[in-house]
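A.B. asks: Protein chains in written order, with my numbering: chain V, 544 to 762; chain C, -14 to 408; chain E, 3 to 363; chain G, 158 to 305.
1. Are any of the Cβ atoms in chain V nearer than 8 Å to that of residue 35 of chain C?
2. Relative to chain E, which residues along the region 257 to 271 of chain G have a C-beta separation below 7 Å, given in chain order?
3. Touch check for the region 286 to 302 of chain E and the region 319 to 334 of chain E: three-plus C-beta pairs under 8 Å?
4. Using only alpha-carbon positions, find the residue among E:240, E:175 and E:220 that is nearest to residue 273 of chain E.
5. Closer than 7 Å to a non-hydrogen atom of the ligand GDP - does that hold for the CB of residue 696 of chain V?
6. To the nearest angstrom, how far is the alpha carbon of residue 707 of chain V from that of residue 113 of chain C?
7. Does DSSP put residue 76 of chain E in a helix, a strand or coil?
8. Check whether the region 334 to 343 of chain C and the region 372 to 382 of chain C are in contact - that is, three or more C-beta pairs closer than 8 Å.
9. Using the rule of at least 16 other Cβ atoms within 10 Å of the residue's Cβ for burial, across every protein chain shown, is residue 242 of chain C buried or exposed?
10. What would DSSP say about residue 245 of chain G, mapped onto helix, strand or coil?
11. Using a beta-carbon distance cut-off of less than 7 Å, what residues from the region 641 to 656 of chain V approach chain B?
12. Inspect the CB distances between the region 736 to 752 of chain V and the region 581 to 597 of chain V and report whether three or more fall short of 8 Å.
13. Would you decide whether residue 262 of chain E is buried or exposed? Buried here means 16 or more other CB atoms lie within 10 Å of its CB.
14. Quick one: does residue 109 of chain E have its CB under 8 Å from some CB of chain G?
15. Can you give the beta carbon distance from residue 124 of chain E to residue 165 of chain E, rounded, assuming they're within the 8 Å contact cut?
16. Tell me where the beta strand (DSSP E) around residue 694 of chain V begins and ends.
17. Hey, quick one: how far does the alpha helix (DSSP H) through residue 118 of chain E stretch, first residue to last?
18. Quick one, are the C-beta atoms of residue 222 of chain G and residue 250 of chain G less than 8 Å apart?
19. Taking CB distances under 8 Å as the criterion, tell me whether residue 189 of chain E reaches chain C.
20. Below 8 Å, can you find three or more Cβ-Cβ pairs linking the region 725 to 734 of chain V to the region -4 to 11 of chain C?
21. Whose C-beta lies closer than 6 Å to the C-beta of residue 398 of chain C among residues of the same chain, with five residues either side of it excluded?
22. Give a yes or no on whether 8 Å exceeds the smallest Cβ distance from residue 341 of chain C to chain E.
23. From this set, E:278, E:179 and E:53, which residue's C-alpha is nearest residue 89 of chain E's C-alpha?
24. Which same chain residues end up closer than 6 Å to residue 277 of chain E when comparing Cβ atoms and leaving out the 5 residues on each side of it in sequence?
25. How many Å lie between residue 684 of chain V and residue 238 of chain C at the Cα?
26. Would you list, in sequence order, the uninterrupted alpha helix (DSSP H) runs of no fewer than 4 residues that lie entirely inside the region 34 to 79 of chain C?
27. Across the region 276 to 292 of chain C and the region 319 to 331 of chain C, are there enough close Cβ pairs to call them in contact, namely three or more that are closer than 8 Å?
28. Identify, in the order they occur along the chain, each residue of the same chain with its Cβ nearer than 7 Å to the Cβ of residue 303 of chain C, setting aside the five sequence neighbours on each side.
29. Please check if any C-beta of chain C sits within less than 8 Å of the C-beta of residue 152 of chain E.
30. Kindly indicate which three-state DSSP category residue 274 of chain E falls into: helix, strand or coil?
31. Have a look at residue 123 of chain C and residue 340 of chain C and give me their C-alpha separation to the nearest angstrom.
32. Can you pull the chain E residues whose beta carbon is under 9 Å from the beta carbon of residue -2 of chain C, in chain order?
33. On the three-pair Cβ rule with 8 Å, is the region 73 to 81 of chain C touching the region 342 to 353 of chain C?
34. Would the beta-carbon of residue 165 of chain C fall within 8 Å of that of residue 92 of chain C?
35. DSSP three-state call for residue -4 of chain C: helix, strand or coil?
36. State the Cα-Cα distance for the pair residue 194 of chain E and residue 641 of chain V, rounded to the nearest angstrom.
Set out below in structure tokens:
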């Protein structure tokens, strides 16, 4: 199999399989979660907290100032790599073309050198989070194989994309194939690791926001 | 598997619900909850990271309620939850968690870790892994009526004393009163002035109220230890008494988790809404104040601060009321750092104060409150939870700090404008 | 004449020393060698014997031959062609029928082990190769026979190099490339649909000049011509970097000569010399004329999805797979959901009211 | 042909791509080598993709010099010295006047303009042969034995 075959496979059957497993897994996970149900709260709620669950989905992205000061590394690198990852994902023209071809939606791209710089910043932030995860006692205790796997499959697409653009290590065709394959790996692993948080955090924040609002601590 | 472990795991299977499944699915193990927990910040021991405290629950959820977990279990690839593990986790679930709920406010993905700890205790207690101190308190509540073993005669003694002191009658078992007041054992034994304060305030405001000889104890050890069946029996005593007396409202006393037990958990424990309202004494005082029925005179001149009891503020939504009341009676009120819903726990909530095993850890965790007080430099701290009050006093004594702790209701009562008799 | 070198040929044609200098400089340029290498070209010219060439055409469209003959620049390139002895070529030879086949057999016998074999078109393998025969001989048999006596093979065009159009899905004739059949001879792939004439003459010039095959990449292509991608050598590359793209073939961006990536240009993954060598005597090339690169010098370029869709898009629609996955996921979800509810119901049923005695183990 | 002329063609200039600057830099470096070490060099203009605008920029920057020459061998080769002495523009054409290769040579004189030594020798012999034909009796004529 040559690089072009690999590229064609990754753009064709590979992508179908990866998206299939991703969607299968995520739908399954949602059923797993919601099938457990929850009891209706019989305690009368305080008034004034309507919509707090929905608001918490967004407000929880902003940390309390004092808490920010207590975990600056996690907050800062977390912000940088999340925002960086999504800028690279959503504002590099080839990615927009992919989204457009699947969904019909499109928007203006950022200049490639800008995306390139953001990719580098994202990679650095991801490396810092990994080092911090290994060095910091709390994060080391909490970390499982799944956490390192999730890190790896997040890191690889950014790295291979960067390498492909800069013609590092391999020829562009092979590197592009590896880049797409790394994204497919991310999609396949996604529903079965903590990466599910991208979807379920909105559920969690909603439950959390609703719970607090019923008690009169609405966000 | 022992029968007790079987029961414990069965209980955990029962309590695992959609929110918990979502929380575990969302956790990215960022560890930010550690920095929200005073048991971690004051010890720097990573095992006190809140989310780590529910690790056995997470594994059980994965093994029982997810496809991948079931497959892993089928092939013997997952580590089962054992008695040894639960025993190891007992200090994490009971000693180092006051259910203060701070981690639930901090978690970036929105996990309510406190909720999970509460649920996990259901499995821990029933499988015999609750600490002795908390078991004892629960036993006394069930068998004698109160965690400190206080019975009606003791209350009657305190009633007579307070009646003598205030010159007012303290009503008991009055049918059709508007309010039925509850007390915590600690108030009966350590702070009976609270009862006198209530009598004065209600008399002045013209509130019709009563105590019940059948249910005067508000605290609920069943909640703290985490046995819903027992908590239900305990809360049912109050419900039965209140409904028998046909009161319109029940007043939760200055006690944090008693409020949680009665206001938020109670209806869910008994499986139906109450036939009466539940108010916290601070809410009621604030209502009377707004209605102009609570007039005060004079203000405390020395600087004072307010310690928000977790269950009343962060987990109960009573934040502004104590500040309005304090504004009337204190000339120099100063906020601590991280006030209101961001407060730091005294370290003794959620059954920790009843847990002898946790004493050293609790005093270590008190360093957080000490640091807050040191930074503020006040000599009076007002609060609205008898449990906080005792824990704070113990902590202050341990660290030789010269700070006085005062109950807010008593403070308000001291500044009451007494109405002329006969009115 | 068969033993003469290219230098002898040039002399016989009465080329002057300046002409020789020009020939060497042009050849070096054609081989994409640095100008200083012209001297080496000159030195090598006197040493290499002029080879016989047999050109076999299999499943092809004659586009390759058309391209080579049409674009052929008389003086220099004709010299190259003059320097070879093209003993058999369907389209170009005068002979036909039995005479033509005899000529081929004769040439093979005479130069056994030394001739250069050029092939255009792919070879069908399905149904014993019945889909393409010459004089009753299957392409497969003819290739094997001719390859056995060849010094080296040049696969001209994408069909011979990688299977090309006949190989495209669903490949009804079972077409394959030369390199999938012949494993024991050096093979130079000169892909392209058609290949750039100057690249083929460059490869021949290299073989004639140095008597050896040039440096090849992992797809068997001469690195001198296929070493870099169209994208990297494209004069529109700065627009890609700036994020300026034509959205349609007639918009402002297209008129301004912006990057054609969004219109499906396959330049980033295509290796060829179009951007530098250009076509029609250096007049222009596809991107310069406003159309994206089709990627014709790469394997399976026919199967890479629409020519007019960006390289980063899926080749085949994913919506079907997505819908199926959601449906299967929902079915599995319902199943696990029911199982979860059962587990929970069982736990509830097994619940015995807790008593104080339960707390102490 | 009317048909083709009838089609409206809009010629749009797309602008250069900066490669002319690269070529000019290389010329500068080679010129310095020529001045300092007498080393001659040559740049193959087909090695980099150049747009018409790039050519214009190259031509404008280098300018026109004093020498224009044409060599006729294997089709024409046109040479001119640019406005920068020592920088020569050499274009090889085939007999159909199509460009075969194009070089910038940085040299005292492009090699193709210099008469090869062997050609001079051949020329001398050819000249003598012609003189001998003109005057066979002349002592100079028909004397190939003269030392050369």
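The C-beta atom is built at its ideal place from N, Cα and C for all residues, glycine as well.
C.D. replies: A quick look at the data gives this:
1. Working through the second chain from its first residue, we reach residue 35 of chain C at position 50. Chain V has no Cβ within less than 8 Å of the Cβ of residue 35 of chain C.
2. Within the region 257 to 271 of chain G, the qualifying residues are 257, 258, 260, 268 and 269.
3. The region 286 to 302 of chain E is not in contact with the region 319 to 334 of chain E.
4. Within the third chain, numbered from 1, the residue matching residue 273 of chain E stands at position 271. The candidate whose alpha carbon is nearest that of residue 273 of chain E is E:220.
5. Of ligands this structure carries none, so the ligand GDP is not represented either.
6. To locate residue 707 of chain V, count along the first chain from 1; it is residue 164. To locate residue 113 of chain C, count along the second chain from 1; it is residue 128. Going from the Cα of residue 707 of chain V to the Cα of residue 113 of chain C covers about 59 Å.
7. Residue 76 of chain E sits at position 74 when you count from the first residue of the third chain. Annotation note: pLDDT 45 at residue 76 of chain E (below 50); position unreliable, coordinate value reported separately. Helix at residue 76 of chain E.
8. They touch, by the three-pair rule.
9. Sequence index remark: in the second chain, residue 242 of chain C carries index 257 (1-based). The residue in question, residue 242 of chain C, is buried, as its Cβ has 16 or more Cβ neighbours within 10 Å.
10. For this step, residue 245 of chain G is matched to residue 88 along the fourth chain. In the structure shown, residue 245 of chain G sits in a strand (DSSP, three-state: E or B).
11. Absence of chain B from the displayed structure is noted, the protein chains being V, C, E and G.
12. The region 736 to 752 of chain V, when compared against the region 581 to 597 of chain V, does touch it at the 8 Å Cβ threshold.
13. The count along the third chain starts at 1 and reaches residue 262 of chain E at position 260. The residue in question, residue 262 of chain E, is buried, as its Cβ has 16 or more Cβ neighbours within 10 Å.
14. For the purposes of this step, residue 109 of chain E is taken as the residue at position 107 of the third chain. False, the Cβ-Cβ gap to chain G never drops below 8 Å.
15. Counted from its first residue, the third chain places residue 124 of chain E at position 122. Counted from its first residue, the third chain places residue 165 of chain E at position 163. Between the beta-carbon of residue 124 of chain E and that of residue 165 of chain E there is about 5 Å, and that keeps the pair under the 8 Å contact cut.
16. By 1-based counting over the first chain, the position of residue 694 of chain V is 151. Unbroken run through residue 694 of chain V is the alpha helix (DSSP H), 688 to 708; no beta strand (DSSP E).
17. Here the question's residue 118 of chain E lines up with position 116 in the third chain. Per DSSP, residue 118 of chain E is not a residue of any alpha helix (DSSP H); the beta strand (DSSP E) it occupies stretches across 117 to 122.
18. As a first step, residue 222 of chain G must be located in the fourth chain, where it is residue number 65. As a first step, residue 250 of chain G must be located in the fourth chain, where it is residue number 93. No, the pair does not count as a contact, with Cβ atoms beyond the cut-off.
19. As a working mapping, residue 189 of chain E is identified with position 187 in the third chain. It does not: the Cβ of residue 189 of chain E has no partner Cβ on chain C nearer than 8 Å.
20. Pairwise C-beta distances place the region 725 to 734 of chain V out of contact with the region -4 to 11 of chain C, as fewer than three of them are shorter than 8 Å.
21. The sequence position of residue 398 of chain C within the second chain is 413, counting from 1. Excluding residues up to 5 positions away in sequence, 182, 185 and 186 lie with their Cβ nearer than 6 Å to the Cβ of residue 398 of chain C in the same chain.
22. If you number the second chain from 1, residue 341 of chain C lands on position 356. No, no contact with chain E.
23. Locating residue 89 of chain E in the third chain gives position 87, where the first residue counts as 1. Checked all of E:278, E:179 and E:53; the closest Cα to residue 89 of chain E is E:53.
24. Reading the third chain from its first residue, position 275 is the one you call residue 277 of chain E. When the five nearest sequence neighbours on each side are left out, the beta carbons in the same chain lying within less than 6 Å of the beta carbon of residue 277 of chain E are those of 232, 235 and 236, in order along the chain.
25. Residue 684 of chain V sits at position 141 when you count from the first residue of the first chain. Residue 238 of chain C sits at position 253 when you count from the first residue of the second chain. Our two residues, residue 684 of chain V and residue 238 of chain C, have alpha carbons roughly 41 Å apart in a direct line.
26. Taken in chain order, the unbroken stretches of alpha helix (DSSP H) that lie wholly in the region 34 to 79 of chain C and span 4 residues or more are 40 to 50, 52 to 59 and 68 to 75.
27. Result yes; three or more Cβ-Cβ pairs closer than 8 Å.
28. Position 318 of the second chain, counting from 1, holds the residue named residue 303 of chain C. So the qualifying residues of the chain are 265, 267, 268 and 297.
29. Along the third chain, read from residue 1 onward, the residue named residue 152 of chain E stands at position 150. False, the Cβ-Cβ gap to chain C never drops below 8 Å.
30. In the third chain, the residue the question calls residue 274 of chain E occupies position 272. Per DSSP, reduced to three states, the secondary structure at residue 274 of chain E is coil, with no helix or strand assignment.
31. Sequence index remark: in the second chain, residue 123 of chain C carries index 138 (1-based). Sequence index remark: in the second chain, residue 340 of chain C carries index 355 (1-based). Roughly 11 Å between the two C-alpha positions.
32. By 1-based counting over the second chain, the position of residue -2 of chain C is 13. Residue -2 of chain C reaches chain E at 345, 346, 348, 349, 350 and 352, counting residues in chain order whose Cβ is nearer than 9 Å.
33. At 8 Å Cβ cutoff, the stretches touch.
34. Within the second chain, numbered from 1, the residue matching residue 165 of chain C stands at position 180. Within the second chain, numbered from 1, the residue matching residue 92 of chain C stands at position 107. At the C-beta level, residue 165 of chain C and residue 92 of chain C stay beyond 8 Å of one another.
35. The residue labelled residue -4 of chain C in the question sits at position 11 within the second chain. DSSP, read as helix, strand or coil, puts residue -4 of chain C in helix.
36. Within the third chain, residue 194 of chain E is the residue found at index 192, counting from 1. Within the first chain, residue 641 of chain V is the residue found at index 98, counting from 1. Inter-residue distance for residue 194 of chain E and residue 641 of chain V is about 27 Å (C-alpha atoms, whole angstroms).
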